[in-house]
Every structure is written in C-alpha cells, then in structure tokens.
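Protein chains in written order, with my numbering: chain B, 428 to 584; chain R, 216 to 339.
Below: the structure, in structure tokens.
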C-alpha cells in the first residue's frame, strides 16, 4: 500500500463524506415530507397532488442531492476498499442521523432511543468486522489464506 | 400493517438494491483516479451493467417507501429501524444463498435487533 499513499487519505475523506451526506439527506427528506403532511396516495388525483407537493419541495431536492453525494462517495470507496472495511466505519451514520434530527428538526430523542441507536451502531460494527467472506470457512487452506490476505489488505487501506 | 409494509419495503428492497449495485460496481471496475472524467467514465461503465438497473430499480422502490415512512414518523426513528436490513441480510444469506454466518456476525445481528427494539420502546 506504500506505493499509493493518497488512497489512504482519500478513503477517509470519502468515508467522512458518506457519514455526513447520508444522514443529512435523510434528515432533509424528513423535513420535506413533514412539511407536506399526510400523503394521499389514493385516488389517483390524490397521488398526483402528493407527487406534485414532493417535487415542489426544496428540502426534498436538497435531500436527494445529499443522498446522491453519499451514493457516489459510497460507490467510489467500494471500488477500491473492501465492503468489510467500509461498513463498520459507516455504522456511525446511525448516530449522526439521530443527532441531526435532534439539532436540525428539533426531534425529541428519548434516552431509550439514544441507547437503541448506540446499540445499533455497535451491532453494525460487530457485523461488519466479521467480513463478507465467511462462506469460505469450509474452503481449502489456500483459499482461506487468500481470504485472510484480502482482509489484511483491507485493514491497511 | 401499513407500517409493516413500508418498513419491509425499505429493508428488503434497499438491501437487495445494494447487493445488485455492489455487484454491478465490481463488474464495472475500479476508478483509476479521482479525476472527474475518470469518475464519469466509471459511472457510464456502471450504467451498462444490467445489475445496476435492477439495483437502482429496487433502491427507487425503497426510496419511495422511505419517503412514506418519513411523512409519518421522525427521521431519528425511521432510519435506526432501517438497520433491520442487517438482520434481513443475515437471514437472507442463510436461507437463499446458503451462506455460513459466523457466530460473531450473529452476535452483531442480535445487537442490531436489540437496538431496534430499544428504539421502538423509546418511540413516544
């Protein structure tokens, strides 16, 4: 990995973009949908009206832009880093979304919900650290070695 | 029932979409650099992979379900509940793909499920 030092920094930069842009997008979508009120999806005229309201909402478009930013960062980072490295890092976004909901939308987040979010982050972290290659457990030794090397390469990124 | 359908669509269509997109990106290859032209080229390559379209279609379904859920509930409730995709992913892997799920991964899945339960309990 020493031949490609910029990758290291760029990986963390992209992860930071993911952890901010993803939750921000969801919070903006939430803001937009709340301003529309209860969506009517039937009869058809109601659905068209709801769709029109959604398309006319600035928050929704900002949210979509933010989610596209997240998505591009996610795809880019996945094109060179392993899923098993990207996923644990992105588990932080569950905490960020609760924080932004509280700060930007004034949502009341009960202590129990904070605790739940913390446990989810921990759970996602544990899931993700197991790596995606556990199907190979029963495979022969050389494959096992490859998998291990792969995981170690991901660690170094 | 309505809530169940909404959250099930977010979780199942969202996870399926991610799997397809992930597969498409592996086919499309790695971005050789951060140059904008290279990124656009990669995106165009990805759009030629059929998996990408299947994935994007499923993610669109999940997106509209997410909009529906967000109009009913707070974002700090909806998004943590979507973490159930990790639970769905583990069960889906075992049931449909006959994957072996390690004990550590089950522990993580259990933690996620416990966390979502706490979020539900703290709904008020």
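Ideal Cβ placement from N, Cα and C applies to all residues, glycine included.
As the structure is a prediction and not an experimental result, all values here were calculated from the model.
I'd like the span of the alpha helix (DSSP H) that includes residue i, first residue to last.
i	result
residue 310 of chain R	299-310
residue 253 of chain R	251-262
residue 281 of chain R	265-287
residue 520 of chain B	520-532
residue 476 of chain B	471-482
residue 538 of chain B	538-556
residue 241 of chain R	217-243
residue 515 of chain B	510-517
residue 487 of chain B	485-507
residue 291 of chain R	290-296
residue 327 of chain R	318-336
Rounded to the nearest angstrom, how far is the Cβ of residue i from that of residue j, given a contact under 8 Å?
i	j	result
residue 503 of chain B	residue 239 of chain R	In fact, because the Cβ distance is near 14 Å, the residues do not count as touching under 8 Å.
residue 530 of chain B	residue 290 of chain R	Their Cβ separation, rounded to whole angstroms, is 12 Å, which puts residue 530 of chain B and residue 290 of chain R out of contact at 8 Å.
residue 515 of chain B	residue 555 of chain B	4 Å
residue 527 of chain B	residue 451 of chain B	6 Å
residue 466 of chain B	residue 308 of chain R	With 8 Å as the limit, residue 466 of chain B and residue 308 of chain R do not qualify as a contact, their Cβ atoms being about 34 Å apart.
residue 518 of chain B	residue 548 of chain B	5 Å
residue 446 of chain B	residue 523 of chain B	6 Å
What do you get for residue i, buried or exposed, if any count of 16 or more other CB atoms within 10 angstroms of its CB means buried?
i	result
residue 253 of chain R	exposed
residue 495 of chain B	exposed
residue 483 of chain B	exposed
residue 310 of chain R	exposed
residue 553 of chain B	buried
residue 338 of chain R	exposed
residue 459 of chain B	buried
residue 220 of chain R	exposed
residue 274 of chain R	buried
residue 497 of chain B	buried
residue 468 of chain B	exposed
residue 281 of chain R	buried
residue 244 of chain R	exposed
residue 292 of chain R	buried
residue 306 of chain R	exposed
residue 255 of chain R	exposed
residue 331 of chain R	buried
residue 242 of chain R	exposed
residue 485 of chain B	exposed
residue 585 of chain B	Since the first residue of chain B shown is 428 and the last is 584, residue 585 of chain B is not available in this structure.
residue 464 of chain B	exposed
residue 216 of chain R	exposed
Looking only at C-alpha atoms, which of the options sits nearest to residue i?
i	options	result
residue 288 of chain R	B:477, B:456, B:501, B:469	B:456
residue 226 of chain R	R:332, R:277, R:318, R:244	R:277
residue 462 of chain B	B:449, B:448, B:480, B:469	B:480
residue 248 of chain R	B:517, B:438, B:529	B:438
residue 540 of chain B	R:333, R:302, R:280, R:313	R:333
residue 171 of chain R	B:511, B:451, B:521, B:497	Here chain R comprises residues numbered 216 to 339, so residue 171 of chain R is not present and cannot be evaluated.
residue 550 of chain B	R:317, R:298, R:307, R:314	R:298
residue 440 of chain B	B:530, B:476, B:501, B:556	B:501
residue 505 of chain B	R:224, R:228, R:319, R:261	R:261
residue 325 of chain R	R:303, R:314, R:257	R:303
residue 234 of chain R	R:283, R:271, R:223, R:314	R:271
residue 489 of chain B	B:543, B:448, B:513, B:442	B:448
residue 557 of chain B	R:230, R:316, R:265, R:329	R:316
residue 269 of chain R	R:228, R:296, R:301, R:285	R:228
residue 454 of chain B	B:542, B:534, B:538, B:543	B:534
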